Amino acid sequence: MPNRTYITAEKMMPGHKPMKDKLTLAMCANASGDCKIKPLLVYHSENPRAFKSHKILKEKLQVMWRSNPKAWVTRKFFVEWVNLVFGPSVKKYLQEKTYPCNPFSCSTMPLIIHETSKMTSSRSSNL
């Protein structure tokens with residue numbers, strides 16, 4: 001929708017109201033693209049009118065739907081998405097590919113020097 005229009009006879013365009021829709025979409029996938037995680041969608045409205053008129057259930061959508069007046073991803077939404085969607089999806093993917101489910105088993109993890117102990121690798125510690 002253009003910001004302004006050229007109207008000759010009228011001062012204002014009747015019935016025009018600018019859209020105030022806001023949304024945030026957080027997507028996640030691995031580099032090869034074979035593990036696509038269900039996205040997190042934050043919308044400004046909890047129950048949009050379009051959903052009511054077409055009887056759409058948010059639980060059946062291919063996104064995790066949350067609402068916030070400013071459509072921001074809050075800490076609560078992100079932690080909820082990580083615990084309910086991201087974690088189980090990654091665990092299932094790793095089990096299907098027969099990869100170890102320990103995220104600290106990577107050989108490229110840097111060594112961590114603790115003040116109270118000798119030099120250890122972060123691979124051997126359970127952080």
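Everything in the sequence shown is counted per the UniProt record's numbering, starting at 1 for the first residue and increasing by one.
Quick reminder that beta carbons are idealized off the backbone N, C-alpha and C, glycines included.
Predicted, not measured: the structure shown is a model, and the values here were computed from it.
For Arg66, which residues from the same chain have a beta carbon less than 6 Å from its beta carbon, with the 5 sequence-adjacent residues on both sides left out?
-> Here residue 66 refers to the residue found at position 66 when the sequence shown is read from its first residue. Closer than 6 Å at Cβ, skipping near neighbours: Val42 and Phe77.
Kindly indicate which three-state DSSP category Leu61 falls into: helix, strand or coil? Translated into positions along the sequence shown, residue 61 becomes position 61. In this structure, Leu61 counts as coil in the three-state DSSP scheme.
- Please report the Cβ distance between His44 and Ala71, rounded to the nearest whole angstrom; I am assuming they are in contact, meaning their Cβ atoms lie under 8 Å. As a first step, residue 44 is located in the sequence shown; it is residue number 44 there, counting from the start. As a first step, residue 71 is located in the sequence shown; it is residue number 71 there, counting from the start. In this structure His44 touches Ala71 by the C-beta definition: roughly 5 Å separates them, less than 8 Å.
**Asked** Leaving out five residues before and five after Ser89 in sequence, what residues of the same chain have Cβ atoms less than 8 Å from its Cβ?
**Response** By one-based count along the sequence shown, residue 89 stands at place 89. The answer, listed in chain order, is Cys35, Ile37 and Lys38.
Q. According to DSSP, which residues form a beta bridge with Cys28?
A. One-based indexing of the sequence shown puts residue 28 at position 28. Per DSSP, Ile37.
Report task. Mind checking who Leu23 pairs with in its DSSP beta bridge? Result -> In the sequence shown, the residue the question calls residue 23 occupies position 23. In the DSSP output, where bridge partners are listed per residue, Leu23 has Tyr43.
| message | Given this structure, state the Cα-to-Cα distance separating Ile56 from Asn47, to the nearest angstrom. | response | Position 56 of the sequence shown, counted from the start, is the residue given in the question as residue 56. Position 47 of the sequence shown, counted from the start, is the residue given in the question as residue 47. Each residue's Cα considered, the two are about 10 Å apart.
| said: For Val79 and Pro69, what's the separation of their Cα atoms in angstroms? | reply: Counted from its first residue, the sequence shown places residue 79 at position 79. Counted from its first residue, the sequence shown places residue 69 at position 69. For Val79 and Pro69, the distance between alpha carbons rounds to 19 Å.
**Asked** Leu84: buried (16+ other C-beta within 10 angstroms of its C-beta) or exposed?
**Response** As a first step, residue 84 is located in the sequence shown; it is residue number 84 there, counting from the start. Exposed is the call here.
Same chain only: Cβ atoms within 8 Å of Phe86, ignoring 5 sequence neighbours per side: If you number the sequence shown from 1, residue 86 lands on position 86. Excluding positions up to five away in sequence, the list reads Cys28 and Ile37.
Residue from Met64, Asp21, Asn102 and Val82 whose Cα sits closest to the Cα of Glu50: Taking the first residue of the sequence shown as 1, we reach residue 50 at position 50. According to the sequence provided, residue 50 is Ala. The question's Glu does not apply to it. Minimum Cα distance to Ala50 is reached at Asp21.
Legend entry - Candidates Lys52, Leu40, Val73 and His54: closest to Gln62 by CA position: In the sequence shown, counting from the first residue as 1, residue 62 sits at position 62. Considering only alpha carbons, the answer is Leu40.
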